[in-house]
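Using full-length UniProt numbering, you'd call the opening residue of the sequence shown number 1 and step up by one each time.
All residues carry an ideal CB built from backbone N, CA and C; glycine is no exception.
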Amino acid sequence: MANKKVTIRDVAKQSGVSIATVSQILNNNQEKFSPKTVAKVMEAKESLNYEPDYFARRMIMKKSKTIGVLLPDITNPFFSMLLSGIEKSLYQEKYVMMLCNADLDATREMEYLEELSRRGVDGFIIATSAISNQMINETLRKKALPFIVLDQKKAEGFSDAVLTEDYLGGQLAAEHLANLGHQKVAILMPEEASMNIRTRLAGFQSIFPEARIIYSELSKVAGRDAARRVLEEDLTGIFTTSDEIAIGLYLGLKEAGKKIPRDYSIVGYDNTEMSEFVTPPLTTVAQPIFELGQQAAELLLERIEYPEKKWEEKTLPVHLITRLSTAPLK
Ligand code: RIB
């Protein structure tokens, strides 16, 4: 006979009790039944090698032990490190993740949010900027689905949030370049930048109000392409709003015969692993990426456990790591 999947009905039949009794006993409500009945059910489960259907259990337990994670670009090492931190905290509480990589596509972000809510995840970690508050209200808040926002998704005061000191980060990059004597400086950032990156710009402009703004998406390809526009300007100091842009800019400038830091001092942002391995090693503003992921997951699990607790916002510190991509202006 074909391997027919053993069902709860088979266990009930073999142990001579109702399906409801089997369900209760297998879902840790054994105290309601005699030891003899419990033993019969457990023996039938073992002999039939029955494994409860996880999603059927979810209907009873009202918990899937699954968290939906929405990220903009998993190919960016910042987000893969962030995911490692999220995963570590979830694993410790026996949760699994359902990852949706929106690939910087706003429509896909919203489709994923709806799909995740249909699949019964217990909560959401949202680090993408395109999810509107209206979308969150309609898809999550109305259904009282717990969620937390971080990074590119701005905190609006009606959810938990984990932030980092983006304004200070922009200031640290600017002060470092100013202390090295640079005055002709530019910032490389996306044209449609998310709030956290616009906050870095504000911090940088608090020191360099006249800084040139050169648009670049948060990628190595975009950074390499932006080199062309950097070369058109009279600049000596560059602040890129992510290490990915800086790494691409390195290649674009090298292809134009330029040397770092002889011709340009470059400051990155994130302190991803690559920033230490490029030549010259990149001066950058370090974000606590792994911890950011851990704290976001921990706050969300607390929210799931205590739905009524008041909103909590945490801000994690950033700091400058000085390496060899910056030097005093000669
Ligand atoms: O490298 C990706 C950048 O965008 C990081 O700085 C992170 O904060 C995200 O917002």
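Between the options, which lies nearest to residue i when the distance is taken from Cα to Cα?
i           : options                        : result
Thr241      : Gly252, Leu172, Val6           : Leu172
Arg118      : Val11, Thr139, Leu70           : Thr139
Glu312      : Phe158, Glu43, Tyr95, Glu273   : Phe158
Ala161      : Gly85, Gly169, Ile148, Val69   : Ile148
Phe78       : Leu324, Asp243, Glu276         : Asp243
Ala155      : Ser194, Arg224, Ala211         : Ser194
Tyr215      : Arg228, Phe208, Ile207         : Arg228
Leu116      : Gln14, Thr128, Leu99           : Leu99
Leu218      : Ala186, Tyr264, Gly170, Asp270 : Asp270
Ile304      : Thr326, Met189, Ala144, Ser265 : Ala144
Asn49       : Ile8, Lys65, Lys36, Thr21      : Ile8
Ala202      : Glu51, Ile25, Tyr264, Ala174   : Ala174
residue 331 : Gly169, Leu251, Gln14, Phe208  : What the structure shows of the chain is the stretch from 1 to 330, and residue 331 is not part of that stretch, so it cannot be assessed.
Leu70       : Val11, Glu93, Leu104           : Leu104
Ala246      : Asn28, Val278, Asp263          : Val278
Pro52       : Glu192, Asp10, Ala222          : Asp10
Asn76       : Met274, Glu31, Thr326, Gln205  : Met274
Leu316      : Arg212, Gly169, Thr21          : Gly169
Glu43       : Asn27, Ser15, Ala20, Ile25     : Ser15
Lys45       : Gln24, Ala20, Ala12            : Ala12
residue 353 : Leu231, Gly248, Glu87, Glu276  : There is no way to answer for residue 353, as the model of the chain reaches only from 1 to 330.
Strictly by DSSP, which residues pair up with residue i?
i      : result
Val38  : Beta-bridge pairing links Val38 to no other residue.
Asp270 : Ala286
Lys314 : Val162
Met195 : Answer is none; Met195 lacks a bridge partner.
Gly68  : Met98, Phe124
Phe147 : Phe124
Thr240 : Leu188
Ser265 : Gly237
His319 : Ala286
Tyr215 : Met189
Going by beta-carbon coordinates alone, are residue i and residue j separated by less than 8 Å?
i           : j      : result
Val6        : Val41  : no
Leu177      : Phe239 : yes
Gln295      : Lys314 : yes
Gly85       : Glu291 : yes
residue 332 : Pro72  : Because residue 332 is not part of the residues shown, which for the chain are 1 to 330, the question remains open.
Gly237      : His182 : yes
Tyr95       : Ile67  : yes
Ile126      : Asn101 : no
Pro261      : Pro280 : yes
Leu180      : Pro328 : yes
Gly293      : Leu83  : yes
Ser89       : Ala297 : yes
Ala186      : Ala222 : no
Gln30       : Val22  : no
Thr272      : Met97  : no
Ile289      : Ser325 : no
Ser64       : Val121 : yes
Leu188      : Ala226 : yes
Asn137      : Asp166 : no
Gln24       : Lys32  : yes
Heavy atom of the ligand MG less than 7 Å from the Cβ of residue i, yes or no?
i      : result
Gln152 : The ligand MG is absent from the structure shown, which contains only the ligand RIB.
Does any residue of chain C have a CB that is nearer than 8 Å to the CB of residue i?
i     : result
Gln14 : Among the chains in the structure shown there is no chain C, since it carries only a single protein chain.
Open item on the list: With three or more beta-carbon pairs closer than 8 Å as the criterion, would you say the stretch 252 to 271 touches the stretch 105 to 112?
Closed with: Output reads no: the stretch 105 to 112 does not touch the stretch 252 to 271.
Open item on the list: Count Cβ pairs between the stretch 274 to 286 and the stretch 316 to 329 that sit closer than 8 Å; are there 3 or more?
Closed with: In short, these stretches touch, since the Cβ pair count reaches three.
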